[in-house]
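Right, one structure below, let's go through it.
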Amino acid sequence: MSAPLLQVRNLSKSYAALKVTDDVSLDVHPGEIHAIIGPNGAGKTTLIAQLSGQLRPDSGHVHYMGQDITRLPMAARVRMGLARSFQLTTLLPGFTALENVAIAVQAREGSSFRFFRAAASERALNDQAMDALRDVGLNSRATQLAGSLSHGEKRQLELAVALATRPRLLLLDEPLAGTGHEEATLLIALFARLRSRVTMMLIEHDMDAVFRLADRVSVLVYGRIIASGTPAEMRADAAVRAAYLGEEEG
Amino acid sequence: MTAMPPRLRAALAIFALLALVPPLAHWIGQPFLIVIATRMVVFAIAALSLDLILGYGAMVSFGHAAYLGIGAYAVAVLSRAGVTDLTLHLLAAIGAAGIFALVTGAISLRTRGVYFIMITLAFGQMAYFFFVSFSALGGDDGTALAARSTVLGQDWLRSEPGLFYATLGLLVLIFAGLYRLTLSRFGRVLSGTRESALRMQAVGFRPFPYQLTAYVISGCLCAVAGVMLANQSAYVSPSYMSWHRSGELIVMLVLGGIGSLTGAIAGALATVALEEGLAKYSEHWRLGFGLILVLVALAAPGGIAGLIRRLKGAPA
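Protein chains in written order, with the working numbering: chain A, 186 to 435; chain B, 18 to 333.
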C-alpha cells in the first residue's frame with residue numbers, strides 16, 4: 186500500500202477533565218474515503234478541527250504528505266491541499282453563492298493584493314467558481330446571496346467552496362446533515378465521482394451513505410478509536426454494534 | 018456595462034450638488050456657507066477613510082481622529098520649517114500616518130471586538146497627549162498657521178472657493194479609489210473577513226496582512242483630511258485628535274450608513290450640517306443631536322443610505 190497521505194499519531198486534547206480526543210492514531214491513504222463514525226459527543230468535529238488547524242491538540246502529531254503540520258495554521262494547510270467543510274455552515278452570508286466560491290479560487294490563484302480591478306469581472310475566477318457550483322448542482326443559484334439559500338443548498342455551497350480550493354485531502358464534517366433526499370443522492374453521487382481525484386475523510390451519520398462510500402471506517406467513542414476496518418468488518422464487530430450501530434438501529 | 022449602482026449615482030449627485038455651493042453662496046450673499054461646506058467635505062474624507070476599516074473590515078477604531086491630528090500637525094510642522102507646498106504637506110502627512118498606523122495597527126489587530134476598540138482608543142489618546150505636551154507647537158493651546166498651503170508656489174488655496182474645490186477634488190479622488198478598492202480582489206478579502214474570518218482561513222487566507230493593509234490605507238487617507246482641516250481653520254491643536262472627535266467620526270458613519278462609502282459621505286455632511294444648524298438655536302444642541310441619533314438607531318438602522326434604499330422599495 187502507498188504511503189499514507191495523512192498520518193495521525195497519539196493525538197490528544199482535553200477540556201479540563203474531559204478528554205475530547207484520546208490518543209487517536211489513524212492513517213488516511215491516497216484515493217480512499219475514510220469514514221469516522223460514532224455517537225453524538227464522540228469528538229468527531231473536534232478531531233476534524235485539529236486536523237484542519239482550527240484547534241491545537243494538547244499532544245500528538247499530524248503528518249500530511251510526509252510533513253509535520255501539527256502546528257501549521259489553517260490557511261497554510263489549505264494552501265497545501267488540506268481543505269474541510271463545516272458541519273455548521275460557515276459561509277459569507279452577504280456574498281452571492283458564486284462569490285463564496287470565487288473567493289476560494291482567488292485564494293490559490295494570483296495575489297489578492299490587487300486594489301483596482303473589479304474581482305467580479307475576472308473571468309478566470311468566475312469560470313472556475315461556476316464549475317464548482319455545477320459540480321454540486323447549484324449553478325442555477327449562483328447569483329443568490331448565500332444567506333438566502335435553503336439549508337440544503339448551503340450544504341451544497343459549503344462543499345463547492347471546499348472543492349474550489351482544489352483539495353488533495355478533503356475533510357467532510359457531516360456533509361449530508363440537513364439535506365433533502367434529492368440533494369443527498371446528488372452529493373453521494375458526487376463523492377463517488379470525486380474519489381478518483383480527491384482523498385476524503387468523512388464524518389457522517391447517514392449509515393447508508395457511509396457503507397456505500399467508505400473504503401475504511403473508524404469508530405470513535407468518547408474521543409477514542411475503538412475499532413477500524415472495512416465497512417463489512419465494522420458491521421460485524423460486536424463492540425461497534427454495542428457502542429453505536431445497535432443504538433442507532435434498535 | 019450594467020446600470021450604474023445606486024450608491025455610485027447617489028455619490029455623484031452629492032458631488033455635483035457640493036460643486037454648486039460656492040456660486041450659490043455668493044449669489045445669496047452667504048459666503049460663510051463655503052467654509053461650512055469645506056468642513057463638510059473634510060469630514061466626508063475622514064468618514065470615508067473610517068468606513069474602509071469599520072464598514073468593510075469590521076474593525077471599529079475608536080482612535081481614528083489621531084490621523085486627523087497627524088495630518089494637521091504635518092502642515093504645522095512643515096510650515097514652520099518654511100515648507101508650504103500642499104503636495105509635500107500631503108506626502109508628509111500620509112507618511113507619518115502610515116507609520117503610526119502600521120505600528121499601532123499591527124499591535125491592535127492582535128485583539129478582537131471590544132478590546133480592539135479599547136486599544137485603538139488608547140493609541141489615539143497617546144497621540145493626543147503627545148501633542149498636548151509638545152510645547153514647541155503650542156501644547157494644549159495649539160498653534161496658528163501663518164498661511165495656507167501653496168500649490169505649485171501659488172496661493173490658490175487662500176480663497177475659500179479655492180480651498181473648497183481642492184478639498185472636493187481630493188474627496189472625489191479618494192471616493193473613486195476606495196470604490197474601486199472595495200470591489201477589487203483586496204476588497205473581497207477584506208469584506209469576506211468581516212463576514213466570517215473562519216471561512217476566509219478555511220479557503221486559505223490569513224486575514225492579518227489584509228486587515229493591516231486596510232488599516233494603514235485608512236489612516237493615510239484620514240491624514241489627508243487632517244491636512245485640509247488645518248488649512249481650513251488656519252489653526253492646529255490637539256483637540257482635533259481627542260476621543261470625542263473619534264466618536265464623532267463613528268457617529269457620522271452610523272448616521273449615514275456603514276459599509277457603502279456613499280453613506281459615510283452623507284453622514285459626514287449631515288453631521289456637520291446638524292452641528293452648524295442646531296448650534297445656532299441652542300448651546301445645548303448636542304441634546305438634539307443625541308435625540309436624532311437615537312431615532313436613527315431605532316427607526317432607520319442602516320442610516321441615511323439604508324433609509325433611501327428602503328424608501329425606494331429595495332431590501333435594506
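We treat Cβ as the ideally placed atom computed from N, Cα and C, and that holds for glycine.
Return the chain-ordered ranges of every alpha helix (DSSP H) run that is complete within the region 300 to 370 of chain A and spans a minimum of 4 residues. 308 to 320 and 336 to 349
What do you get for M8 of chain B, buried or exposed, if any count of 16 or more other CB atoms within 10 angstroms of its CB means buried? Shown here, chain B extends from 18 to 333; a query on residue 8 of chain B therefore has no answer.
Kindly list, in the order they appear in chain A, the residues whose Cβ is closer than 7 Å to that of A33 of chain B. Residues of chain A passing the Cβ test: none, with the nearest at roughly 24 Å.
Figure out for me which residue from B:A30, B:A118, B:V59 and B:R24 has the closest Cα to the Cα of T230 of chain B. B:A118
Cut-off 7 Å between Cβ atoms - residues of its own chain near A349 of chain A, not counting five sequence neighbours on either side: V286, A289, V290, Q313, A314 and A317
Could you tell me which of A:L387, A:G295, A:A282 and A:G337 sits nearest to I222 of chain A, measuring between CA atoms? A:L387
Can you list the residues of chain A that Q228 of chain B reaches, using a CB-CB cut of under 9 Å? Ordered by position in chain A, no residue passes the 9 Å Cβ test against Q228 of chain B, which lies about 12 Å from the chain.
Pick helix, strand or coil for T231 of chain A, following the three-state DSSP scheme. In the structure shown, T231 of chain A sits in a helix (DSSP, three-state: H, G or I).
Interface partners of F203 of chain B on chain A, CB under 8 Å: S297, F298, R299 and F300
In chain order, what are the residue ranges of uninterrupted alpha helix (DSSP H) at least 4 long that sit wholly in the region 187 to 254 of chain B? 202 to 212, 214 to 219 and 224 to 250
Looking at C-beta atoms only, is the number of pairs between the region 272 to 280 of chain B and the region 244 to 264 of chain B that lie closer than 8 Å three or more? no
Closer than 9 Å by beta-carbon distance: list the chain B residues that pair up with R293 of chain A, in chain order. What R293 of chain A touches in chain B: V220 and G221.
Just reading off the beta strand (DSSP E) that D102 of chain B is part of, what are its end residues? Segment: none, D102 of chain B is in no beta strand (DSSP E) and carries neither H nor E.
Grab the span of the beta strand (DSSP E) containing N195 of chain A for me, first residue to last. Bounds of the beta strand (DSSP E) holding N195 of chain A are L191 to Y200.
For a contact defined as C-beta to C-beta under 7 Å, what are the partners of E212 of chain B on chain A? L277, P278, G279 and F280
R351 of chain A versus A292 of chain A - alpha carbon distance: 11 Å
Comparing the C-beta of R26 of chain B with each C-beta of chain A, is any distance below 9 Å? no
Could you work out which residue in A:L273, A:R409 and A:M419 is closest to V395 of chain A when comparing CA atoms only? A:M419
Within-9 Å CB hit, Q272 of chain A to chain B: no
Are three or more beta carbon pairs between the region 109 to 124 of chain B and the region 231 to 239 of chain B nearer than 8 Å? yes
Exposed or buried, which one is G86 of chain B when buried takes at least 16 other CB atoms within 10 Å? Result: buried.
In whole angstroms, what is the alpha-carbon distance linking I373 of chain A and G414 of chain A? 21 Å
Can you give me the start and stop residues for the beta strand (DSSP E) that M386 of chain A sits inside? T384 to I388
Are the C-beta atoms of A261 of chain A and some chain B residue less than 9 Å apart? yes
Between which residues of its own chain and I282 of chain B is the CB-CB distance below 8 Å, once the five residues before and five after are set aside? Contacts found: A28, I31, A61, A64, L65, L188, F192 and G273.
Under a three-way DSSP split, which group does A54 of chain B fall into? helix
Chain A contacts from the region 185 to 209 of chain B (Cβ-Cβ distance under 9 Å): G194, R197, L198, L200, S201, R202, F203, G204, R205, V206, S208 and G209
Measure from the C-beta of L215 of chain B to each C-beta in chain A and report whether the shortest distance is under 9 Å. yes
At a Cβ cut of 7 Å, what residues of the region 187 to 202 of chain A count as close to chain B, listed as they run along the chain? none
Who pairs with R401 of chain A in a beta bridge, going by DSSP? A:H219
With distances taken between CB atoms, is the gap from G228 of chain A to T206 of chain A smaller than 9 Å? It is a contact, given that the beta carbons lie within the stated cut-off.
With a threshold of 9 Å between beta-carbons, can V209 of chain A be considered close to chain B, or not? no
Rounded C-beta distance between G323 of chain B and A317 of chain B? I'm assuming under 8 Å. 6 Å
So, at 6 Å on beta carbons, what are the nonlocal neighbours of V346 of chain A in its own chain, with the 5 sequence-adjacent residues on each side left out? N285, V286 and A289
Flag this pair as yes or no: are the beta carbons of D358 of chain A and I218 of chain A separated by less than 9 Å? No, Cβ-Cβ distance for D358 of chain A and I218 of chain A is not below 9 Å.
Would you decide whether N195 of chain A is buried or exposed? Buried here means 16 or more other CB atoms lie within 10 Å of its CB. Burial check for N195 of chain A: the Cβ neighbour count within 10 Å stays below 16, so the residue is exposed.
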